[in-house]
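Residue numbers (the working numbering), protein chains in the order written: chain P, 1 to 769; chain Z, 1 to 159; chain X, 1 to 290.
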Amino acid sequence: MASRTAPPTTERLRVVGRPLSRHDAVDKVQARTLYAADWQMPGMLYGAVLRAPYPSARIRGVETAAAAALPGVAAVLVARDVPRNTLWTDVPGQTSEVGPLRARIQVLAEEVVRYQGEAVALVAAETPETAQRAAELIAVDYEPRPGIFDPEAALRPDAARVHDQGNLLAHWEIRRGDVEAALRSADAVVEQTYRCQFVDHAYLEPEAGVAWIDSDGVLVIRVSTQVIEHFRDVAEVLGLPQNRVRVVGPYVGGGFGGKEDVTVEVFLGLLAWRTQRPVKMTWSRQESLLARPKRHPFIMRYRTGATRDGRLVAQAVELLADSGAYAYLSALVLMYAAVTAAGPYRVPHVAVDARVAYTNNPPTSAMRGFGAMQMVFGYESQMDQLARRLGLDPVELRLRNALEKGDDLPVGQRLDTHVAVAETVRRAWEELGPHRPASSSRHRVGRGLACNIQPYGRIVWLRDWASAWVGFEMDGSVVVRTGVPDVGGGQASALCQIAAEVLGTDPAQVSIHIADSALTPLAGTTTATRQLYMSGNAVLKAASALRQQILEVAAQLLETPSSRLEMRDGAVTAGDARRVALPAVMKECARLGVARSHLAVYHAPAGEPVDLERGGGRVFPDYTFGAHAVEVEVDTETGAVRVLRHVACHDVGRAINPESVEGQIQGGAVMGLGYGLMEEVVVDRGVNLSTMFAAYLIPTSLDVPDVEPLILESGEGKGPFGARGIGEPPIAPPAAAVANAIEDAVGVRVTELPITPERVARALGLLGP
Amino acid sequence: MTEIAVAFTLNGRRQEVRTSAHRTLLELLRDILGAVDVKEGCGEGVCGACTVLLDGEPVSSCLILAPRAAGRQITTVRALGAGGTLHPLQEAFAAHGAVQCGFCTPGMILTAYALLRDHPRPTRDEIRRAIAGNLCRCTGYAKIVDAIASLAGSGTVRG
Amino acid sequence: MPAVPFDYYAPASLAEALALMREHGEDAKPLAGGQSLVPMLTLRLARPTAVIDLNSLTELRTARREDGMLRIGALVPHRALERGEGVLAGCPLLQEAAALIGNARVRALGTIGGSLAHADPAAELPAVAQALEGTVVLRGPEGERAVAARDFFVDVLTTALRPGELVVEVCLPIPAPRAGHAVEEFSRRAGDFGIVTAVAVVELSPAGDLTRVRVALGGVGTTPRRLPKVEAALTGMRPDGRALRDASEGAGDEIEPESDAHASAAYRRHLARVLTRRALGRAVDMAQRG
């Protein structure tokens, strides 16, 4: 079913590249893993949030006396109780700031409410029920006000302002060549507008955490998070020195970008600091669906021009995204979208105009794919329509235009690693095999393809870095310490595998401590498909340096140059079978005062901010390329779409753990199918109608086929051992592949997501005029 | 508000708990008995993270009021395996990459357990049907089905 | 979230249960399987001061045959219907419908009485009760009464239950030997409530004509709807594909669906036609196979 190509390398790796069971999996199957909500502290209080019911309102007053008087209530906080009531969202975890991307959010709404669900007050009480009851007793005098709920309307000059500075949050432009002239002289131009929807991360573990003040007076927050660096945000809000706040990250029950921004951390910090007692806060699913930032909806207008023989000449893209009430990471998401909007193709003339506007809709922020993901629906739908217009095979059209190593992206960045667009397209398509017959006369079967480009690693002018500490204990066992949060993608176990490879041991013998802002060297966020690239390289660097340090000492013991020594299975051996056991080497290190550990910092290749419009140059360190091919069956009477086969092919550079890579591809692809076929947060004039999990439809096991992962290993990624990131890329192609397959099956093109049966039925003309 | 004493068996051991009647079995297990191996995912009975076996049948513990547990046998994933040795089903999940974030895993394993006990040779389709009420956001289900299918016909799950 | 606290009672007899219902009036909610009530409690949407747990009333958990009727106790769980346990095997339509309810965990505890009393417009069992022309037996302060299914469902989540009354039994006619049935449910995801559900029950004469046609739809209005015009159009007819198709086209005219976040009125109407035709087709096939 799944398959890999052999990596083009002469290295023979012992541990990296093997589909090993993850150490955390063994704990998880026994349910021994303690997630954020599983933690108890003696004397613990329970926190609750009071949220605004209106999408746009003025707060005239708040009465907390009745709530505070309830027996069992330890604290009731409103905006005036917050030392610094502003949360700055820069790029989470980064130490370098980027001016236009900085965004501010009020911790608790003070005078203005800008979205339904915005936090207005906090309660801490002896029991969860008391906390809820107290929250219900807080009397807020709201004056509902008109709001703006459509990004296009938001950009009109007379639109109500969500924030004082106006509703246009960010605007990026990319220009290459003369796109209007190219479109005019093109043999074929396909013009279409696409719309995609708000979606929710819908991780199985809702937001949760526990905060307490430890015996040194340090505020500790143990929270389900993708970013332990939020200790700085908590310190800022509380007016505490940053070295008095510690964030501990347990294993996370799914993140997908939804735990990238601050969730419960600041609320917990405030309540714990006010009460001087431990406080637990868990959000209900309904609260999470209501209040958490969503994925950005986009309106994407594409004009794609090509020659008669299928060479792309122009790609003109206008993008408008909805930032909702607050900026969060919108400007960054928009940048990812703009940079990738033309697709993984050679296009001489490109114009991208990308805007994101404030509205009183739910705020939008990071979600797996981060802007680059939504674009795939646009550019891959365009490619199929272009193929049809030109009478060309859709696969052939892609092959004719696919980017290759050495080409430049429209933004001016030269692609300096292997670009596997053509191969992944070919492989995915071939793997579909013989056509399946329709299951009845009312069904039609069709096939569709979509390929994509997704960055991995941060924008280079953020000067990303990650640190890792690797060390030997006196008995030769290995310890890794790194700030990496593990969100379920095997982040921690991959690092054990890398350390084990370098140090000649078994990953099961490596002990790893992660995600503690006070005790583990910081490694940045588990987002942006960056962790394997950054922390993998950091661990590789630390382990390699450590290995060298130890071998130098062993060289003296064995009287052999270190270059002729091997570290393996608990000993250092010389070629002629002389060996010294590691514990003996460690003793010698201690005697000589040689460190048995190494702290390394991996710095990603940095760059200066580019002027996107003038085609300045490198934006991301590198990209992952892939293609998905699907076969679907459409019920021509109801419009229902069933995915029969789904092949997903990605070049991952090197699969550190092939089983984990397959899991990311399959999981991402299914999340992409959910996005394409059924998921939608329905927002009606700022009111979120999808706050029940029964109503927010993520795929069940019966809704999707077995996704067949095909792993290509070009060996040219920038991560350890040539790896490329794979967390985000697989989520992007499915929606477009399905839309293309539906057109193949029944001849209609759906340009709005999700592709519900009703939309297909409407496109088929089943619902009348 | 009614306070009651509820006596039941949890993983073979008798428990007697004093609680308010308005609490759910999920709250009782997690907050009073510290059985945090049962997870809360949605509070609506939709996601399956809170699955326990009630007299051997998978149920949503978030939808059961505490008094209803009286006299019943409740089984969580901690009952599988013994003293550090994994049950074959747990081993299969770990070995097949069926566990990523792990939050759906306890409920998923219990559902799989009940399936294999009642239908020792399920097809892949039957497995998919049986786990359709357990949502997973990480794996895409394929490796979960692989893990369960690997035990079809093995006779390793007995009532 | 934690529920708003309430007083909890577990009466040992139906008489005791009814007395408690009368005593607490509108502030009391009866508890059967809990699959609909408990989430409302833990979302703090329902705030009864008393919950009356009916689960000790074992007499409500039995099913028996009597005078050509299946008398199903209100507390019989969906799982028993799905498995066709005991006399329930005599109504395979119930098996087909129950298998579509929610997921396996819901079916383990959810009950037929609870489902009917909850009266969700999209639910399967209310539509089945309509299609079979069953009767809902209620017991209350004024004694016992039987309400025809067509009169029992009054509005969204609203039934003919009077204050202090409980559903104690559901009576369904046992299908005739040459009867056929089918349930066609369309949902956007496996296990969800149907957007539209069609339940068809047919009987054929020895010559093969339709002697009896009953169609009930869920999800097309505030309550399940029978389709008397469709039924009348087909009664006495030969059940060929053309006749079924033509008659089913009329399904859209007999309902007044609303648009909501899940589906538009137009789509529901369309599904009503398609699913009515499909349900009738399968029901006829089944009847013809004898």
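Even glycine gets a Cβ: it sits at the ideal position worked out from N, Cα and C. Since this is a predicted model, take the numbers as computed values, not measurements.
| query | result |
| --- | --- |
| CB-CB under 6 Å to Tyr9 of chain X, same chain, minus the five flanking residues each way: which ones, in chain order? | Leu20 and Ile52 |
| Of all the options P:Ala420, P:Arg414 and P:Val411, which has the alpha carbon lying nearest to the alpha carbon of Arg398 of chain P? | P:Ala420 |
| For a test of the three-state rule: what should DSSP assign to Tyr358 of chain P, helix, strand or coil? | strand |
| Under 8 Å Cβ to Cβ from Val553 of chain P, same chain only, skipping five residues before and after it: list those, please. | Val585, Glu588, Cys589, Leu592 and Val594 |
| Give a yes or no on whether 7 Å exceeds the smallest Cβ distance from Val156 of chain X to chain P. | no |
| Just to make sure I have the definition right: I need the residues of chain P whose C-beta is within less than 8 Å of the C-beta of Ile109 of chain Z. Which are they? | Val29 |
| Reducing DSSP to helix, strand and coil, say where Met69 of chain X ends up. | strand |
| Once you ignore the five residues that flank Met1 of chain P on each side, which residues in its own chain have a CB closer than 6 Å to its CB? | Confidence is the limiting factor: at Met1 of chain P the pLDDT is only 45, short of 50, which leaves the residue's position unreliable, though a coordinate-based value still follows. If we look at Met1 of chain P and ignore the five residues flanking it on each side, its Cβ neighbours are Glu708. |
| Could you check where the alpha helix (DSSP H) with Cys496 of chain P kicks off and where it finishes? | Gln491 to Leu503 |
| Along the stretch 270–286 of chain P, where does the CB come closer than 8 Å to a CB of chain Z? Name the residues. | Thr282, Ser284, Arg285 and Gln286 |
| Using a cut-off of 7 Å between C-beta atoms, extract the partners of Thr51 of chain Z located in chain X. | Arg105 |
| Who are the neighbours of Asp703 of chain P on chain X, taking C-beta pairs under 8 Å? | Arg189 and Ala190 |
| Which residues in the same chain as Arg232 of chain P place their Cβ atom closer than 7 Å to its Cβ, once the five residues preceding and following it in sequence are excluded? | Gln242 |
| So, for Thr529 of chain P: in the same chain, excluding its five sequence neighbours on each side, which residues have a beta-carbon less than 8 Å away from its beta-carbon? | Gln454, Pro455, Tyr456, Gly457, Thr624, Gly725, Ile726, Gly727, Glu728 and Pro729 |
| State yes or no: is the beta carbon of Gln197 of chain P nearer than 7 Å to at least one beta carbon in chain X? | no |
| Using a Cβ cut-off of 9 Å, which residues of the stretch 1–33 of chain X contact any Cβ in chain Z, in chain order? | Met1, Pro2, Ala3, Val4, Pro5, Phe6, Asp7, Tyr8, Tyr9, Ala10, Leu31 and Gly33 |
| For Ser288 of chain P and Pro206 of chain P, which I take to be in contact (beta-carbon distance under 8 Å), what is that distance rounded to the nearest angstrom? | 5 Å |
| Would you say Gln95 of chain X faces chain Z, with C-beta separation under 7 Å as the test? | no |
| With 16 as the cutoff for other CB atoms within 10 Å, does Gln286 of chain P come out buried or exposed? | buried |
| What whole-angstrom Cβ distance do Ala63 of chain X and Arg71 of chain X have, given they're in contact under 8 Å? | 7 Å |
| Give me the DSSP bridge partner(s) of Ile105 of chain P. | P:Leu87 |
| Beta-carbon of Gly42 of chain X versus every beta-carbon of chain Z: anything under 7 Å? | Going by the sequence as given, residue 42 of chain X is Thr instead of Gly. Yes, its Cβ sits closer than 7 Å to a Cβ of chain Z. |
| Please work out which residues of its chain come closer than 6 Å, Cβ to Cβ, to Glu254 of chain X, disregarding the five sequence neighbours upstream and downstream, and give them in chain order. | Leu227 and Lys229 |
| With a threshold of 16 other CB atoms inside 10 Å of the CB of Val154 of chain X, please say whether the residue is buried or exposed. | exposed |
| Given Val218 of chain P, which residues of its chain have a CB within under 6 Å of its CB, disregarding the five upstream and five downstream residues? | Arg244 and Arg246 |
| When you compare the CB of Ile711 of chain P with every CB in chain Z, is at least one pair closer than 7 Å? | no |
| Contact between the stretch 745–752 of chain P and the stretch 674–689 of chain P is defined here as three or more beta-carbon pairs at a separation below 8 Å; is this criterion met? | no |
| Kindly indicate the opening and closing residues of the alpha helix (DSSP H) around Asp635 of chain P. | Not the alpha helix (DSSP H): Asp635 of chain P falls in the beta strand (DSSP E), residues Asp622 to Asp635. |
| Any idea what DSSP makes of Leu702 of chain P, helix, strand or coil? | coil |
| Please identify the residue among P:Leu270, P:Leu13 and P:Lys28 whose C-alpha is closest to the C-alpha of Ala74 of chain P. | P:Leu270 |
| How should Pro363 of chain P be labelled, buried or exposed, when 16 other C-beta atoms within 10 angstroms of its C-beta is the threshold for buried? | buried |
| Which class does Met1 of chain P belong to by DSSP, given the choice of helix, strand or coil? | In this prediction, Met1 of chain P has a pLDDT of 45, which is less than 50 and means its spatial position is unreliable; what the coordinates show is noted afterwards. If DSSP states are grouped into helix, strand and coil, Met1 of chain P belongs with coil. |
| Under the rule that 16 or more other beta-carbon atoms within 10 Å means buried, what is Ala5 of chain Z, buried or exposed? | exposed |
| Exposed or buried, what is Arg14 of chain Z when buried is set at 16 or more other beta-carbons lying within 10 Å of its beta-carbon? | exposed |
| Any idea if Thr10 of chain P is buried or exposed, counting beta-carbon neighbours within 10 angstroms, 16 or more meaning buried? | Because Thr10 of chain P sits at a pLDDT of 49, beneath the cut-off of 50, its placement in the model cannot be relied upon, and the following sentence gives the value as read from the coordinates. Classification for Thr10 of chain P: exposed. |
| Determine which residues share a DSSP beta bridge with Arg214 of chain X and list them. | X:Val201 |
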